[in-house]
Each structure stands twice: as structure tokens, then as C-alpha cells.
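The opening position of the sequence shown corresponds to residue 6 in the working numbering, with each subsequent residue numbered one higher. Think of the CB as a built atom: it goes at the ideal place given N, C-alpha and C, for glycine as much as any other residue. Small disclaimer: the values here were computed from a predicted structure and weren't measured. Here is the structure we will look at.
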Amino acid sequence: MKKTEEIDFEAIVIGAGFSGLYQLHALRDKLGMSVHLFEAADDLGGTWYWNRYPGARCDSESHTYCYYFSEELLQEWEWSERYPEQKEILEYLNFAADRLDLRTDITFSNRITQMVFDEESLIWTVLSEDGREYRTRFIINAVGCLSSTNIPNILGKERFEGSIYHTGEWPHEGVDFSGKSVAVIGTGSSGIQTIPEVGKLASQTTVFQRTPNYSIPARNEKLSQTFIDNFKASTSEWMRKMLLSRGGHAWPIPTRHLIDTPELERRKILEEAWSVGGLGFRECFDDILVNKRSNLIMSDFIKDKIKDVVKDQDKSAILTNIDYPFSTKRPPIDTEYFETFNEENVNIVDIKADPITEITAKGIKTRSKEFFFDIIIFATGFDAMTGSMLKIDVIGRKKKTLKDVWKAGPLTYLGLQVEDFPNMFILTGPGSPSVLTNMPRTIEHHVEFVTACISHMVVNNFRAMEPTNKAMVEWVEHVNEVADKTLLPKTKHSWYLGSNVPGKPQVFMPYAGGLNNYRDICSEIVEDGYRGFNFT
Ligand code: N01
6 MKKTEEIDFE AIVIGAGFSG LYQLHALRDK LGMSVHLFEA ADDLGGTWYW NRYPGARCDS
66 ESHTYCYYFS EELLQEWEWS ERYPEQKEIL EYLNFAADRL DLRTDITFSN RITQMVFDEE
126 SLIWTVLSED GREYRTRFII NAVGCLSSTN IPNILGKERF EGSIYHTGEW PHEGVDFSGK
186 SVAVIGTGSS GIQTIPEVGK LASQTTVFQR TPNYSIPARN EKLSQTFIDN FKASTSEWMR
246 KMLLSRGGHA WPIPTRHLID TPELERRKIL EEAWSVGGLG FRECFDDILV NKRSNLIMSD
306 FIKDKIKDVV KDQDKSAILT NIDYPFSTKR PPIDTEYFET FNEENVNIVD IKADPITEIT
366 AKGIKTRSKE FFFDIIIFAT GFDAMTGSML KIDVIGRKKK TLKDVWKAGP LTYLGLQVED
426 FPNMFILTGP GSPSVLTNMP RTIEHHVEFV TACISHMVVN NFRAMEPTNK AMVEWVEHVN
486 EVADKTLLPK TKHSWYLGSN VPGKPQVFMP YAGGLNNYRD ICSEIVEDGY RGFNFT
């Protein structure tokens with residue numbers, strides 16, 4: 006691509022997680038562009054840089070949770086466990102970045118705060134926290150969908166004399182729990198992963214649960230050398246399976262409706278899937294997210310399993326008081342989460358029944374009781390899917406801001422682009438299958454799609470690309486229509502809809518039509534001459 010005097014880089018990538026690193030490689034090494042990546046943290050890793058809490062582990066299986074675009078990377082790396090720990094994933098990303106020599110084109114510790122589009126030159130000016138400006142033609146936001154932490158505004162937080170942590174911003178030096186009394190607020194995936202670990206280390210652990218959660222045993226284990234060798238001999242087959250599936254996982258694609266399966270057989274299938282564990286449990290039938298009765302049966306099956314484990318009747322009642330269909334909130338997988346409540350020094354408080362009223366100097370007050378703590382852990386999640394994008398002041402054509410355009414909920418075409426923000430791409434944004442899938446598969450799709458778009462522009466001498474209003478509006482309608490065919494949006498209290506963040510517009514954000522179908526739609530759009538996109 007021809008360089009002009011006016012730009013510092015042909016493309017700027019923001020964020021050095023899985024998506025940003027691959028995007029840097031693809032544009033720089035496949036298209037030969039000048040590209041620079043800016044990262045707010047002082048090192049790479051994205052989610053896996055920040056989420057260092059005890060027990061942090063991926064719930065996609067390790068050999069599927071990695072880059073498949075390079076057979077060399079696949080052959081060189083060896084995962085040790087079925088579900089990789091945060092530390093191992095971070096090592097993997099460092100390994101990939103070193104193999105691809107990416108660090109030379111990354112600036113760390115420099116948050117991008119603003120980006121402004123100039124309609125005449127069709128160039129973006131990007132402003133970073135250190136006050137410097139960079140001019141570029143393309144911006145690829147790889148800022149992550151679960152990276153903007155959500156810390157509830159509880160009265161008195163600043164008065165607390167102990168230590169406060171959020172799972173998503175965990176201190177690098179770790180936390181010493183020995184002899185400490187610890188509160189954990191939140192029982193999503195992060196809480197459910199960290200509570201068993203904190204429970205082992207602290208003298209007293211008290212869990213503040215607002216919404217109880219279904220959780221599937223992960224059944225984590227060391228990978229055998231035979232498994233690793235077989236995997237390495239058949240990576241393309243693993244990829245084929247993942248790309249055929251809705252979720253980008255390599256599990257067998259379900260073909261049976263739970264509701265039509267006779268009871269004895271159904272029970273056997275559920276028990277087998279339970280003993281295998283992991284998110285694949287949900288996939289043993291294909292109607293769990295569309296048929297209320299099927300879902301109820303599966304939900305009751307899980308509640309019974311929890312009741313079998315938790316001996317204390319009061320704790321068991323709090324943990325199983327679940328009033329929404331399984332998997333309509335993102336289901337966690339766990340290692341001995343429910344078992345942890347059999348320990349005498351691990352307690353649970355139902356804060357739906359007895360809400361937190363304030364944080365005091367010494368602990369937490371609920372309506373009926375005061376608790377005393379040395380440490381409070383917020384496992385309270387993220388301003389998901391839009392939070393990190395909206396932290397940046399994005400100004401497009403006609404001085405439109407992204408904040409304004411997304412005021413009533415995010416608008417995108419394919420989750421990738423927004424009208425009036427030409428040449429700006431978002432990876433795994435709202436409208437993308439993203440969080441409903443095994444992320445690296447969606448990320449690889451997006452990076453390759455964006456790279457192909459930019460290559461198409463170069464070949465055809467186009468200077469700008471953006472979706473039409475019609476395409477964007479129709480895509481958002483399609484995202485809603487697809488979600489409405491499932492039980493997903495019926496559970497109103499979920500970060501999928503943004504309802505965990507006060508004041509956020511409540512719209513079902515990810516594309517629930519499946520990664521396989523989404524990929525097909527994108528391919529058809531390209532074959533149809535990039536239908537829905539305008540090129541200048
Ligand atoms: O966050 P969450 P998370 N007062 O939003 C509670 C991914 N992930 O960090 O449900 C009291 O799910 C909230 O209660 P409620 C994964 O996609 C992946 O756990 O809103 N409680 C809930 O219990 C996951 O889904 C891995 O009523 C409050 C909890 O805090 C996503 O990240 C590991 C509250 C938040 O749960 C987010 O998970 C970890 C308040 N004011 C995470 N506000 C992998 O393994 C919120 N809560 C890949």
C-alpha cells in the first residue's frame with residue numbers, strides 16, 4: 006500500500022489480547038502494511054493479563070483455545086491441562102507474540118483516549134493518554150468484550166480499612182489470604198472459579214450471592230502425551246469440527262431434542278454428559294435454548310446435582326434458588342465450587358433476600374447483619390461488549406460520536422463496523438457471535454475478514470469503507486430476531502443484555518445465530534460484492 010506523508014501508520018490496532026495480536030500480524034505480515042498496536046497495560050495478554058485471580062482458568066478446552074491460523078504454532082506449543090490456567094495462556098500468548106516478532110510494533114502502557122475522523126482526508130487522528138497524536142487510515146479496535154470492570158457503587162466503599170480487589174484487575178504480586186477473613190461479592194464465572202481457591206487459603210470466606218448460578222463440573226485433568234500426539238496429528242480435523250459448530254467448540258453437534266427423548270434414555274445421556282463435564286454438557290441436546298420444557302428438565306437435573314453435593318440445607322437452599330432457565334445467563338464451569346460450601350469456614354449470604362446496605366470501615370452491612378472482613382473481592386463482572394469501546398471518545402463523520410450513535414443500544418453491521426465511522430473496525434463487538442462462542446475461532450474469523458476487506462480496498466484503490474444505514478439497521482434487527490427465537494433474552498438480568506450495569510440500555514448484544522451461520526453470512530456478503538458496505 007502506498008504511504009503518504011500524512012500518516013504515521015497505515016493501520017492502528019488497539020489492544021494486545023488474542024485478537025489484537027493476530028490483527029497486527031495479519032496486516033503487517035500478510036498485507037505488508039505499516040501497523041502499530043497500542044496497549045493500555047504494561048504487557049500483552051488482554052483478558053489474561055488482567056484476570057490473575059486465584060483459580061482463573063479458561064473454560065474452553067486448551068487445544069481449541071489457541072490460534073489455528075499457523076500450523077507451526079499449533080505444532081510447537083503443548084498445553085498441559087484440559088482447561089488452561091491464566092498463567093499458561095499468558096505464556097502461550099507471549100510465545101506466539103515472540104514467534105511472530107510482534108513486540109517491535111507494540112507500545113505498552115499507553116491507553117488510546119480519543120479517535121477523530123477527518124472527512125476530507127479520510128484519515129483518523131488517534132490520541133493517546135500521553136498526549137501524543139497518531140494519524141492512520143484504519144483503526145481496528147481489539148479492546149475486548151469483557152475488559153471494562155464493573156465495580157458496583159455501594160455506599161461507603163471508600164471507608165473500608167481492609168483491601169478491596171476486583172477479579173478483573175488482580176494485583177500481579179498476588180494476595181496473601183492466610184489468616185484473613187474474606188468477602189467475595191458475585192457468583193458469575195469469576196466468582197465461581199475463585200471461591201474454591203480463596204476458601205482453601207482464607208481463614209473465613211463469606212460469599213455474597215445476588216443471583217444463584219448453575220455450574221457444570223469442569224472435570225479438569227492433565228492432558229496425556231497420547232492425547233497431545235493425536236491432537237497434533239489431526240489439527241485440521243479439530244478445526245473442521247469447530248467451524249461446523251454453532252459455538253466454535255469441537256464437541257459433537259447435538260441432533261436430539263431432549264423433549265422427544267424417552268425419560269430413561271434422557272437421564273442416561275444427561276448423566277454421561279455430566280460425567281464428561283464442561284460447557285459441552287449443554288450440547289448433549291439441541292433444544293435447551295429454544296424449548297422451555299426441555300430447559301426446565303435440564304435445569305432441575307443440575308439443581309438436583311447441587312443438592313446432592315451441598316450438605317447444609319440452608320446453604321443448599323440459597324445455592325439452588327435459581328429462577329431462570331439454564332444457560333440464559335453465561336453458564337460457568339467449576340472445580341469443586343459447590344463442594345467448597347461443605348467447609349465450615351465458607352458461608353453464603355443471600356443478598357437478594359438480605360441486600361447489602363453499605364460497606365463500613367470494618368466490613369459489609371446487610372439489612373439485617375454486619376460482617377467483618379480484612380479483604381473484599383468484587384467478582385462483579387464487566388461492562389460487557391460496549392464498555393471498552395465507549396471509554397474511548399470516538400468521533401466519526403459529521404462529528405457524530407459513537408456514544409451518541411449507541412445511546413439506545415449498540416448498532417453495528419456484522420458486529421464489525423458502524424455507519425459514519427469509516428475504516429474503523431471492531432473485533433468481537435456487539436452483533437458478533439463473540440461471547441457466545443469459543444473466542445479464538447470468532448477472533449480468527451474477524452481478523453481474516455477485516456484483513457480481506459482492507460486487501461480488497463487496496464486492490465480496488467478504495468479509500469474508505471463503511472456499512473450502509475440499511476445494512477446496519479437490518480443486521481441489528483436480525484440479531485434481535487435470532488435472539489428472540491431463543492430463551493436467551495427472556496432472562497432480563499444478564500450481562501448479555503447489559504442489565505448488570507445501572508443505566509445501560511438493555512439490548513441483547515451478541516449474535517445468537519451461531520458462528521457457523523455467521524461465517525456463511527459473511528462469505529455470502531463478500532461473494533455478493535461486499536453487500537451492505539459502501540466503498541469510497
Ligand atoms: O461476571 P458476571 P464474571 N451487588 O457478570 C454479581 C467470562 N469469564 O466476571 O447475576 C451484588 O458473570 C452478579 O450478580 P447478578 C465469562 O464469559 C470467562 O463472573 O448480576 N452482586 C454476578 O453474580 C463470564 O460470563 C472465564 O445478580 C453483584 C457477579 O457479580 C464473564 O467473563 C472466567 C452486583 C458477576 O458475574 C463475566 O464473568 C471468568 C452488585 N451490585 C469470566 N453486581 C473463562 O474461564 C454484580 N453482581 C474464560
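Distance cut-off 7 Å: residue i Cβ against heavy atoms of the ligand N01
i	result
R335	yes
P157	yes
I356	yes
W129	no
V203	no
K12	Sequence check: residue 12 is Ile here, not Lys. Result no, Cβ not under 7 Å from the ligand N01.
H254	no
C63	yes
T192	yes
G173	yes
N505	yes
R287	no
R215	yes
Q511	no
F74	no
Assigned exposure category for residue i - 16 Cβ within 10 Å defines buried
i	result
N296	buried
K357	exposed
K8	With a pLDDT of only 42 at K8, under the threshold of 50, the placement of this residue in the model should not be trusted, and no figure is reported.
S241	exposed
T199	buried
S160	In the sequence as presented, Ser is not what sits at residue 160; that position holds Leu. L160 is exposed by the Cβ-count criterion.
T211	buried
Q230	exposed
A389	buried
Residue i versus the options, residue with shortest Cα-Cα distance
i	options	result
E174	A46, G20, Q198, N352	A46
H498	V512, K490, D489, E486	V512
T385	D309, S195, W129	S195
P201	I94, E349, E83	E349
E363	E125, L421, F213, T491	F213
H30	N99, D106, L98	D106
G537	G519, V452, V131, E471	E471
N235	E83, G193, T109, T433	E83
I156	G191, F122, A147, V187	G191
R224	P515, S65, I12	S65
P217	P336, L520, S24	P336
I293	T391, R116, R271	R271
F182	G285, F378, S220	F378
W55	Y88, E178, S186, D135	E178
Residues sharing a beta bridge with residue i, DSSP
i	result
P222	D339
G173	Answer is none; G173 lacks a bridge partner.
T2	Outside the displayed range of the chain (6 to 541) lies residue 2, so it cannot be described from this structure.
M470	F540
K370	E363, E375
I128	D123
D355	Q214
I117	S133
E86	K227
V40	A16
R62	E90
Through-space distance from residue j to residue i, alpha-carbon basis
i	j	result
F143	A16	4 Å
V18	V455	12 Å
A366	N352	21 Å
V354	I323	8 Å
M6	N465	In this prediction, M6 has a pLDDT of 41, which is less than 50 and means its spatial position is unreliable; nothing more can be read from the coordinates.
E138	N428	18 Å
V531	M477	16 Å
F540	S126	15 Å
R104	L98	10 Å
V281	C289	11 Å
V481	D291	25 Å
D533	W129	28 Å
F122	R402	6 Å
E76	A238	11 Å
Y70	D525	22 Å
K205	D317	18 Å
D265	G50	45 Å
Y516	Y342	30 Å
I111	L42	5 Å
A61	R468	43 Å
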